[in-house]
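J.: Structure provided below as structure tokens; questions to follow.
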Amino acid sequence: MSPMDMEQPHGQSIAHGYHPQAQPQGQAQAQAQGYPQGYPQSHAGGPGPGDYSYGPPPPMSASEHVRRASMATAMSVSGLPPGMGYPDEGEGGETARQQRSVSQPAPLLDQSHLRPGKSASLLSGDRTLELYRENAKKTNDPELIFEFAVFMIDAAKSMVPSDPSTQSPTNPTDPHAPAPPRKPANSTATTNPGAGAARSHAALVEKRDELIKEAITLLKKLADRSHPDAQYFLADCYANGIGTVRGRQDFDRAFPLFVLAAKHGHPDASYRAGTCCEHGWGCRRESAKAIQYYKKAAVALHPGAMYRLGTAELNGNLGLTRSPKEGVKWLKRSAEHATEEFPHALHELALLHERGIDNVLFVDHEYAAELLAQASELGYAPSAFKLGECYEYGKMDCPVDPALSIHYYNIAATQGHPDASFALTAWYLVGSPGVLPQSDTEAYLWAKKAAELGLAKAQYAVGYFTETGIGIEADPSEAMKWYKQAAEGGDKRAQKRLVGGTRGQSQALDRRLELEAMKEEHKGSANGKSDGCVVM
Numbered sequence: 278m279s280p281m282d283m284e285q286p287h288g289q290s291i292a293h294g295y296h297p298q299a300q301p302q303g304q305a306q307a308q309a310q311g312y313p314q315g316y317p318q319s320h321a322g323g324p325g326p327g328d329y330s331y332g333p334p335p336p337m338s339a340s341e342h343v344r345r346a347s348m349a350t351a352m353s354v355s356g357l358p359p360g361m362g363y364p365d366e367g368e369g370g371e372t373a374r375q376q377r378s379v380s381q382p383a384p385l386l387d388q389s390h391l392r393p394g395k396s397a398s399l400l401s402g403d404r405t406l407e408l409y410r411e412n413a414k415k416t417n418d419p420e421l422i423f424e425f426a427v428f429m430i431d432a433a434k435s436m437v438p439s440d441p442s443t444q445s446p447t448n449p450t451d452p453h454a455p456a457p458p459r460k461p462a463n464s465t466a467t468t469n470p471g472a473g474a475a476r477s478h479a480a481l482v483e484k485r486d487e488l489i490k491e492a493i494t495l496l497k498k499l500a501d502r503s504h505p506d507a508q509y510f511l512a513d514c515y516a517n518g519i520g521t522v523r524g525r526q527d528f529d530r531a532f533p534l535f536v537l538a539a540k541h542g543h544p545d546a547s548y549r550a551g552t553c554c555e556h557g558w559g560c561r562r563e564s565a566k567a568i569q570y571y572k573k574a575a576v577a578l579h580p581g582a583m584y585r586l587g588t589a590e591l592n593g594n595l596g597l598t599r600s601p602k603e604g605v606k607w608l609k610r611s612a613e614h615a616t617e618e619f620p621h622a623l624h625e626l627a628l629l630h631e632r633g634i635d636n637v638l639f640v641d642h643e644y645a646a647e648l649l650a651q652a653s654e655l656g657y658a659p660s661a662f663k664l665g666e667c668y669e670y671g672k673m674d675c676p677v678d679p680a681l682s683i684h685y686y687n688i689a690a691t692q693g694h695p696d697a698s699f700a701l702t703a704w705y706l707v708g709s710p711g712v713l714p715q716s717d718t719e720a721y722l723w724a725k726k727a728a729e730l731g732l733a734k735a736q737y738a739v740g741y742f743t744e745t746g747i748g749i750e751a752d753p754s755e756a757m758k759w760y761k762q763a764a765e766g767g768d769k770r771a772q773k774r775l776v777g778g779t780r781g782q783s784q785a786l787d788r789r790l791e792l793e794a795m796k797e798e799h800k801g802s803a804n805g806k807s808d809g810c811v812v813m
């Protein structure tokens, strides 16, 4: 099985901000379920068409907003608050009130005005959470309770600043693969914290854990009542180490919930159940069952499932007979429904059109570039990087265009693509008149970003920049550290430098020759076979 066979587009997950509206199938229905939305635009302040005010109203204080929200809560439950009546209400006030009620809008019994949205920041986080909790307790509506549980999970995630040392490294070939052991999520260690900072951090961690515990309890109750979204969301929590022992991924609990949600027609759950069966996460590895779940999700137009079926048909794995024609059909269907979470089919079809498949798919560089552009706009880093190469070197019939090359490299680099980051280093070293000013500092910073992502040639470049003082103050001892990392990654130039030792700028390599060598290596890697096509 080739490395690309294991590349799995991932489903909606906690790490990517799941909520029921993001499902590839039934988006309109999910919106109708009332997931928290922002306040109406008319509440944003400022005069609108036909207004006679000369400027936006003065900003409302947080305390005033809380007071009004509390008043709205009381009004929605029992009409006007005690002691308040209509201005003209006298002896016939009750009659007047009844007459007015005919034309008055119905009270907001669903408490929708308290749902967090774009203006939720006007309330303190604790107050917003408390209003939401009170609202959820007053109803038996499973959708509202589910929304509250999702809200608590989101609030808990943003409560404690992320610590890279406690994060599981992402598997580039399969984001849902069980991660290596990591530090406990409730670790209170910080970078040189003071006593006060440590106590504050510990308090936040405790509060976060309480929110997660409360949310998981609600999700379990909803899951027991056969609520598909709750079953899937709870499974996704377990699969991402939320609400589990020491923050570890727990597929033993996640897989049965994926199966339950799949039985209720949840497309993402069907897809995720398929990935579990394919790789043996929380269950036995069974290709036949994986295909069943993938097909169930594909019927619901799940782009990830259609992509996986396509690659399986192209390569003849998962127990399927190799059929490039059927594989291309699945890829085309997936591409038609591509999303930010599942852009993979666009990229794969582009690679296939770049080379063609005899009697199945013809070569079409223009269409391939168009597919790559579509995937790039969805934020898919490999597609953006490949387009950056195309516009830098004129590949795939693309014109040489520095502006477009830099644009697409930047899209990929901001997504954490190491080669794209290093490509920007090459651009900043020379600059582009009217497009990009030459900057040694920016060249160093982008090289460092690529080096920190593990790219050996970038680690060597950072070592050289640090040794010779390009974009940073010269520091031979620091340069030696980078050379060691690059040498461990297999960079031959770094190995040679370690043998000779760093002796300061007077003995450094010729800058012009060294930088030209870096650019040639970048160009050579661009011409190499690095696209990872699943069939070629």
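Here the working numbering is used: the first residue of the sequence shown is 278, the next is one more, and so on. Backbone N, C-alpha and C define an ideal beta-carbon position, used for all residues, glycine too. This structure is a prediction, so every number in the text was calculated from the model and none was measured.
1. Count the C-beta pairs between the region 652-671 and the region 679-686 that are closer than 8 Å, then say yes if the count reaches three, no if not.
2. Ile683 bridges to which residues according to DSSP?
3. Need the endpoints of the alpha helix (DSSP H) that Lys415 sits in, please.
4. Between which two residues does the alpha helix (DSSP H) containing Gly740 stretch?
5. For the alpha helix (DSSP H) containing Val677, name the first residue and the last one.
6. Quick one: what's Ser709 bridged to in DSSP?
7. Pro753 to Tyr760, Cα distance in whole Å?
8. May I ask you to list the residues that DSSP assigns as paired with Leu722?
9. Can you name, in chain order, every residue of its own chain whose Cβ lies under 6 Å from the Cβ of Ser564, other than the five neighbours on each side?
10. For Ala433, collect the residues of the same chain with a Cβ closer than 6 Å to its Cβ; drop the 5 residues on either side in sequence, then sort them by chain order.
11. So, under 8 Å CB-CB, Ser547 and Ala589 are touching, yes? Tell me the CB distance rounded to an integer number of Å.
12. Short of 7 Å in beta carbon distance, which residues of its chain neighbour Phe423, apart from the five on each side in sequence? Order them along the chain.
13. Would you check if the distance between the CB atom of Ala538 and the CB atom of Tyr570 is smaller than 9 Å?
14. So does the region 598-608 actually touch the region 628-643, counting three or more Cβ pairs closer than 8 Å?
15. When we look at the beta-carbon of Lys726 and count the other beta-carbons within 10 Å, is it buried (16 or more) or exposed?
16. Please report the straight-line C-alpha distance between Ser611 and Lys573, rounded to a whole angstrom.
17. Buried or exposed: Gln715, going by 16 or more other Cβ atoms within 10 Å of its Cβ?
18. Starting from Tyr571, trace the alpha helix (DSSP H) both ways and give me its first and last residue.
19. Going by C-alpha to C-alpha distance, which of Gly731, Val776 and Asp717 sits closest to Ile749?
20. Along the chain, where does the alpha helix (DSSP H) that runs through Met583 open and close?
21. Assuming Ala690 and Ala733 form a contact by the criterion Cβ under 8 Å, report the distance between their Cβ atoms to the nearest whole angstrom.
22. Is it true that the CB of Pro580 sits closer than 9 Å to the CB of Phe532?
23. Find out if the Cβ-Cβ distance for the pair Gly766, Gly740 is shorter than 9 Å.
24. On the three-state DSSP scale, how would you describe Leu626?
25. Which one or two residues does DSSP pair with Leu638 in a beta bridge?
26. Which same chain residues end up closer than 8 Å to Arg599 when comparing Cβ atoms and leaving out the 5 residues on each side of it in sequence?
27. Could you check the C-alpha separation between Thr521 and Tyr515 for me, to the nearest Å?
28. For Leu655 and Glu617, what's the separation of their Cα atoms in angstroms?
29. Under the three-state reduction of DSSP, which class applies to Pro620: helix, strand or coil?
30. May I ask you to report which of helix, strand or coil DSSP gives Gly767?
31. Please state whether the Cβ-Cβ distance between Ala627 and Ala646 is less than 9 Å.
32. Taking Glu631 and His642 to be in contact with their CB atoms under 8 Å, please state how far apart those CB atoms are, rounded to whole angstroms.
33. Buried or exposed for Arg502, going by 16 or more other Cβ atoms inside 10 Å?
34. Taking just the CA atoms, how far does Ser709 sit from Asp678?
35. What residue range is occupied by the uninterrupted alpha helix (DSSP H) comprising Asp506?
T.: Quick look at the numbers:
1. yes
2. Taking the first residue of the sequence shown as position 1, residue 683 is located at position 406. None, per the DSSP bridge assignment.
3. Here the question's residue 415 lines up with position 138 in the sequence shown. It is not in any alpha helix (DSSP H) - Lys415 carries neither H nor E in the DSSP assignment.
4. As a first step, residue 740 is located in the sequence shown; it is residue number 463 there, counting from the start. Unbroken alpha helix (DSSP H) run through Gly740: Ala733 to Thr745.
5. Numbered from its first residue, the sequence shown carries residue 677 at position 400. Here Val677 belongs to no alpha helix (DSSP H), and DSSP marks it neither H nor E.
6. Start at 1 with the first residue of the sequence shown, and residue 709 comes out as number 432. The partner list for Ser709 (beta bridge, DSSP) reads Leu713.
7. As a first step, residue 753 must be located in the sequence shown, where it is residue number 476. As a first step, residue 760 must be located in the sequence shown, where it is residue number 483. Their backbone Cα atoms lie some 10 Å apart in a straight line.
8. Numbered from its first residue, the sequence shown carries residue 722 at position 445. None; Leu722 has no bridge partner.
9. By 1-based counting over the sequence shown, the position of residue 564 is 287. Around Ser564: Leu595 and Gly596.
10. Taking the sequence shown and counting its residues from 1, one reaches residue 433 at position 156. Counting only Cβ-Cβ distances below 6 Å, and skipping sequence neighbours, we find Arg485, Leu488 and Ile489.
11. Counting from one through the sequence shown, the residue named residue 547 turns up at place 270. Counting from one through the sequence shown, the residue named residue 589 turns up at place 312. Wrong, their Cβ atoms sit about 16 Å apart, outside the cutoff.
12. In the sequence shown, counting from the first residue as 1, residue 423 sits at position 146. If we look at Phe423 and ignore the five residues flanking it on each side, its Cβ neighbours are Leu499, His504, Asp506 and Ala507.
13. Residue 538 sits at position 261 when you count from the first residue of the sequence shown. Residue 570 sits at position 293 when you count from the first residue of the sequence shown. No, these two residues do not count as a Cβ contact at 9 Å.
14. yes
15. On the sequence shown, residue 726 is found 449 positions in, with the first residue counted as 1. Lys726 comes out buried.
16. Residue numbering aside, residue 611 sits at position 334 when the sequence shown is read from its first letter. Residue numbering aside, residue 573 sits at position 296 when the sequence shown is read from its first letter. Computed Cα separation, rounded: 14 Å.
17. Reading the sequence shown from its first residue, position 438 is the one you call residue 715. Burial call: exposed.
18. Your numbering for residue 571 matches position 294 in the sequence shown. Its alpha helix (DSSP H) spans residues Ser564 to Val576.
19. As a working note, residue 749 is residue 472 in the sequence shown. Nearest C-alpha to Ile749: Asp717.
20. Taking the sequence shown and counting its residues from 1, the one referred to as residue 583 is at position 306. Looking at the DSSP string, the run of the alpha helix (DSSP H) that includes Met583 is Pro580 to Asn592.
21. Taking the sequence shown and counting its residues from 1, one reaches residue 690 at position 413. Taking the sequence shown and counting its residues from 1, one reaches residue 733 at position 456. Actually they are not in contact, since the Cβ atoms of Ala690 and Ala733 sit about 17 Å apart, beyond 8 Å.
22. Here residue 532 refers to the residue found at position 255 of the sequence shown. Here residue 580 refers to the residue found at position 303 of the sequence shown. Their beta carbons are not under 9 Å apart, which means Phe532 does not touch Pro580 by this criterion.
23. Here residue 766 refers to the residue found at position 489 when the sequence shown is read from its first residue. Here residue 740 refers to the residue found at position 463 when the sequence shown is read from its first residue. No, the pair does not count as a contact, with Cβ atoms beyond the cut-off.
24. Start at 1 with the first residue of the sequence shown, and residue 626 comes out as number 349. Looking at Leu626 - three-state DSSP - the assignment turns out to be helix.
25. What you label residue 638 is simply residue 361 of the sequence shown in a count that begins at 1. Answer is Ile634, bridged to Leu638.
26. For the purposes of this step, residue 599 is identified with residue 322 of the sequence shown, where counting begins at 1. Cβ neighbours of Arg599 beyond the five flanking positions: Glu590, Leu591, Asn592 and Gly593.
27. Translated into the one-based positions of the sequence shown, residue 521 becomes position 244. Translated into the one-based positions of the sequence shown, residue 515 becomes position 238. So the two alpha carbons sit approximately 6 Å from each other.
28. In the sequence shown, residue 655 corresponds to position 378, counting from 1. In the sequence shown, residue 617 corresponds to position 340, counting from 1. When rounded, the distance between both Cα atoms is 5 Å.
29. Translated into the one-based positions of the sequence shown, residue 620 becomes position 343. If DSSP states are grouped into helix, strand and coil, Pro620 belongs with coil.
30. Position 490 of the sequence shown holds residue 767. The answer is coil: DSSP assigns Gly767 none of H, G, I, E or B.
31. Against the sequence shown, residue 627 aligns to sequence position 350. Against the sequence shown, residue 646 aligns to sequence position 369. Contact flag set, yes.
32. In the sequence shown, residue 631 corresponds to position 354, counting from 1. In the sequence shown, residue 642 corresponds to position 365, counting from 1. With a Cβ gap of about 6 Å, Glu631 and His642 count as contacting.
33. For this step, residue 502 is matched to residue 225 along the sequence shown. Exposed is the call here.
34. Residue 678 sits at position 401 when you count from the first residue of the sequence shown. Residue 709 sits at position 432 when you count from the first residue of the sequence shown. Whole-angstrom Cα-Cα distance: 10 Å.
35. If you number the sequence shown from 1, residue 506 lands on position 229. Residues Pro505 to Ala516.
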